[in-house]
Amino acid sequence: MSHNPRRFTRPIRLIVSVEADTVAAVDALMHRGRQHGHRNRAEFVRRAIERELARCQSDDFHTP
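The sequence shown runs 1 to 64 under the UniProt record's numbering.
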């Protein structure tokens, strides 16, 4: 998985809906400063998806 969204070779736009409280929590986290490295909501969501995929794979999610 790529860690630089500007270097995607085949980007696909993904539209998601979340609760307003979740968006407010993400915004609050991002406004604390650059300590978390999130520049915008889309980057936050992209990284969260990649972390969840890695976690599921490490838990042998695909093992029958």
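Glycine is no exception: its CB is placed at the ideal position from the N, C-alpha and C atoms.
A straight line joining the alpha-carbon of F44 with that of R32 spans about 14 Å.
Taking a contact as a CB-CB distance under 8 Å, the pair R10 and V26 does not count as one, their CB atoms being some 26 Å apart. DSSP places S58 inside the alpha helix (DSSP H), whose first and last residues are R41 to S58. Our two residues, A20 and I49, have alpha carbons roughly 19 Å apart in a direct line. Between the alpha carbons of V16 and T22 lies a distance of about 12 Å.
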